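Just so you know, the protein sequences line up as chains B and U, in that order. The first sequence begins at 275 in the working numbering and counts up by one. The second sequence begins at 297 in the working numbering and counts up by one.
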Amino acid sequence: GAGVSQSPSNKVTEKGKDVELRCDPISGHTALYWYRQSLGQGLEFLIYFQGNSAPDKSGLPSDRFSAERTGGSVSTLTIQRTQQEDSAVYLCASSLIAGVGGTQYFGPGTRLTVL
Amino acid sequence: EDQVTQSPEALRLQEGESSSLNCSYTVSGLRGLFWYRQDPGKGPEFLFTLYSAGEEKEKERLKATLTKKESFLHITAPKPEDSATYLCAVQAGGNQFYFGTGTSLTVIP
């Protein structure tokens, strides 16, 4: 079956612009996660969804970051007024369940470059 | 503070030269430890999940083991196609996932 897909694969934007990153999880997966991966850094947790609700938003770096999930499927991560430090690869993962045994399967990522 | 540390940061092996990668962790309420492989420009690819100390899992040339404080990923007789970055992650009690910064493995023919 199809894996996790993300779009766009690459995004170049100017400082101050808003961007939207999209994630299509594996069909039937109830949990969805967003991470950020900067050069030389480990994956940084941003937010996760159980269904359409986000029990844990603690990883969002600032109020410029927001995410939503609709229909228990597609999720969008929005970054407003982008800054150069937002440049990174944004990874999405989904898992069948959110609890123990919820192995995460990752998409290919969106590489965001803020000029 | 929950933390995951991987070592070494980089490892170069000759083809056929076996070695181990280390992942040490401090986390409250470990729910699982995960190993992933990541190739350049791609998302992490799931390898193993370990849940309790003493557990071992194998897949081809890879074997993962878990103790109460660390996990090892043993690579037996590696091939050039095993070259990648190997990531370790732990799932904490609050369903948070913490990733290490990875070990970059290069296998030289």
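By construction, the Cβ of each residue, glycine as well, lies at the ideal position given by its N, Cα and C atoms. It should be emphasised that the depicted structure is a prediction, and the values quoted were computed from it without experimental measurement.
Output the boundary residues of the beta strand (DSSP E) element that contains residue i.
i	result
residue 330 (chain B)	327-330
residue 341 (chain U)	341-346
residue 335 (chain U)	No beta strand (DSSP E) contains residue 335 (chain U), which DSSP labels as neither H nor E.
residue 370 (chain U)	366-371
residue 404 (chain U)	399-404
residue 302 (chain U)	299-303
residue 387 (chain B)	384-388
residue 372 (chain B)	No beta strand (DSSP E) holds residue 372 (chain B); DSSP gives it neither H nor E.
Would you check if the distance between the CB atom of residue i and the CB atom of residue j is smaller than 9 Å?
i	j	result
residue 343 (chain B)	residue 323 (chain B)	yes
residue 362 (chain U)	residue 343 (chain U)	no
residue 354 (chain B)	residue 292 (chain B)	yes
residue 394 (chain U)	residue 332 (chain U)	no
residue 362 (chain B)	residue 311 (chain B)	yes
residue 402 (chain U)	residue 307 (chain U)	yes
residue 340 (chain U)	residue 317 (chain B)	yes
residue 334 (chain U)	residue 301 (chain U)	no
residue 314 (chain U)	residue 374 (chain U)	yes
residue 295 (chain B)	residue 377 (chain B)	no
residue 309 (chain U)	residue 386 (chain U)	no
residue 399 (chain U)	residue 336 (chain U)	no
residue 341 (chain B)	residue 321 (chain B)	yes
Is residue i helix, strand or coil by DSSP?
i	result
residue 337 (chain B)	coil
residue 392 (chain U)	coil
Could you check whether the Cβ of residue i sits closer than 9 Å to any Cβ belonging to chain U?
i	result
residue 345 (chain B)	no
residue 380 (chain B)	yes
residue 306 (chain B)	no
residue 351 (chain B)	no
Got a sec: is the Cβ-Cβ distance from residue i to anything in chain B below 9 Å?
i	result
residue 321 (chain U)	no
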